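Notes follow once the structure below has been shown.
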């Protein structure tokens, strides 16, 4: 993907729904349609311009992507359905970028959505091998396994404990991460939770596993996100360069054999992040010092701590120092999870990576109002799925020109529902299926 024949790829349109508690109030076709319509309207194009789509979701039957997109038109484009655990959304974006960058198409869509069950994640299939059985058995042999605690919380909780024991970080550092992300989330209209909590409230909330309290764990969520990518010719033809964001680098890594060692830090996929991040910096021609804003996969506060180290934001073993110095929030060296992150914004698995890209695109455009990070030149995305896959993206504005929202409102600071007019602008002009037309 970084070879000489790989074309530049730009983000030209983004959109997302509010992330909400899973209550069965909104079904995935509605979430998906909302995000897709918003992204198409942001890009000032309609569905006829989309030549390829990658649709990400974890919980749902096959071809759910087609079911969502047929509402916009049955244009017979390739629609690829993607499941890569919690990195599903950014994996869909990777597929769309490859389609454009390879020259296969000039414009592609990555769409992610999720309708989840309430409560902690559990095992869906009990009659076949669990794809996480290898690391779970290693963890159980080393630390035991708590039947009543969520499996993911145990993996990430033990990784956090391992980092604390090895390098001297504390439970206070984990609580400070969660306090920061809840505080950031209060300014994001798309967030599932917008309440601000004190450090004591974070620490005193119910224990989930080890040092992790409830307010340090991401919730299950419903919602959708969408990103439209295009090549340079398409961007110029449609007059989109002033709002376009270049994907300077995008890498994916899967697990190394370190996953199955007795080092608890590695059970959370630490080595995947190290590998993907190093390659991304190399392709983009930058270092961590060049980045100003980061959307980081904080499914648990422990993972945000580990990832500071894995991304090279601090020297090895010094992740906690970025918290002590305040260099992970406004006024510091980096602003990490200005959206509120997974902990507070929410985590509908298929949508998460695309919501991260949406936030960073808005940040680079300078649209994010009270949560705007100043002087953003480079933005970094980190999305991890156990089992495993890590996707790293590095973004920059395509040019130095400023641009203003053109939708009649600013979507970065106001989460409006779509209207019939929005839908009419976005849908195919010739190949709509009447029975699937939006009823808005």
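Residue numbers (UniProt numbering): 1 to 440. Positions of the beta carbon are idealized from the N, C-alpha and C atoms, including for glycine. Values in this document were obtained by computation on a predicted structure and should not be read as measured data.
Buried or exposed (CB count within 10 angstroms, at least 16 for buried), residue i
i	result
residue 148	exposed
residue 426	buried
residue 305	buried
residue 234	buried
residue 66	exposed
residue 137	exposed
residue 297	buried
residue 372	buried
residue 3	Reliability fails at residue 3, whose pLDDT of 46 lies under 50, so the model's placement of it is uncertain and no value is given.
residue 220	buried
residue 5	exposed
residue 406	exposed
residue 414	exposed
residue 19	buried
residue 324	exposed
residue 97	buried
residue 16	buried
Residues near residue i by beta carbon distance below 6 angstroms, same chain, minus five either side
i	result
residue 1	A caution first: residue 1 carries a pLDDT of 43, below 50, which makes its placement in the model unreliable, though a value can still be read off. Within the same chain, residue 1 has no close Cβ partners at all.
residue 351	89, 112, 113, 114, 223, 224 and 225
residue 361	11, 14 and 245
residue 240	12
residue 421	none
residue 64	57
residue 319	305, 308 and 309
residue 38	15
Chain-order list of residues whose beta-carbon lies under 7 angstroms from that of residue i (same chain, five-residue window excluded)
i	result
residue 416	409
residue 254	272, 388 and 389
residue 202	175, 178, 179, 213, 215 and 216
residue 260	134, 135 and 138
residue 333	327
Residue i: first and last residue of the uninterrupted alpha helix (DSSP H) it sits in
i	result
residue 167	151 to 167
residue 113	It is not in any alpha helix (DSSP H) - residue 113 instead sits in the beta strand (DSSP E) that spans 107 to 114.
residue 345	341 to 345
residue 20	Unbroken run through residue 20: none, as it is neither H nor E.
residue 67	64 to 69
Contact under 8 angstroms by Cβ, residue i with residue j
i	j	result
residue 395	residue 155	no
residue 227	residue 357	yes
residue 443	residue 79	The shown model of the chain, from 1 to 440, leaves out residue 443, and the question about it has no answer.
residue 175	residue 265	no
residue 198	residue 431	no
residue 87	residue 293	no
residue 32	residue 82	no
residue 48	residue 107	no
residue 392	residue 268	no
Boundaries (first-last residue) of the beta strand (DSSP E) holding residue i
i	result
residue 381	378 to 385
residue 228	223 to 230
residue 53	53 to 56
Residues sharing a beta bridge with residue i, DSSP
i	result
residue 250	393
residue 86	84
residue 295	381
residue 11	229 and 245
residue 212	209
residue 220	347
residue 336	294
residue 300	217
residue 79	53
Close-in-space but distant-in-sequence residues of the same chain around residue i (CB under 8 angstroms, 5 per side omitted)
i	result
residue 211	157, 160, 161, 164, 171, 174 and 302
Closer than 7 angstroms: residue i CB and nearest the ligand ATP heavy atom
i	result
residue 384	Because no ligand of any kind appears in the structure shown, any question about the ligand ATP cannot be addressed here.
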